[in-house]
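Q: Below is one structure. I have some questions about it.
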Amino acid sequence: MRIQVNGRPREVNATTLEALLRELGYEDQKVGTAVNQEFVRDRDREQIVLREGDAVEIVTPRQGG
């Protein structure tokens, strides 16, 4: 399926947001997520079904100032 991840087109096999994070190697990291500009809590990611053309944002925390 073709979706956008952080503004870039990407072909993925995942059908849920949780599966996408595993596919992209984020399963052990704390990240913020949004699908189609809607924030998704970490406990809800398994229930979010991805569809062709969805826009997913994955944000990793940064330290410093």
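Taken in order, the sequence shown gives residues 1 to 65; the numbers are from UniProt numbering.
Beta carbons: idealized from backbone N, C-alpha and C, even for Gly.
#1: Taking the Cβ atom as the reference point for each residue, do L21 and R2 lie within a distance shorter than 8 Å?
#2: Alpha carbon to alpha carbon, how far is Q4 from G53?
#3: Suppose you measure from the CA of Q37 to the CA of R8; what does that come to, to the nearest Å?
#4: Helix, strand or coil for Q4? Go by DSSP, reduced to three states.
#5: Please state whether DSSP places residue 86 in a helix, a strand or coil.
A: So, to answer that:
#1: no
#2: 7 Å
#3: 15 Å
#4: strand
#5: The structure shown has nothing for residue 86, since the chain only spans 1 to 65.
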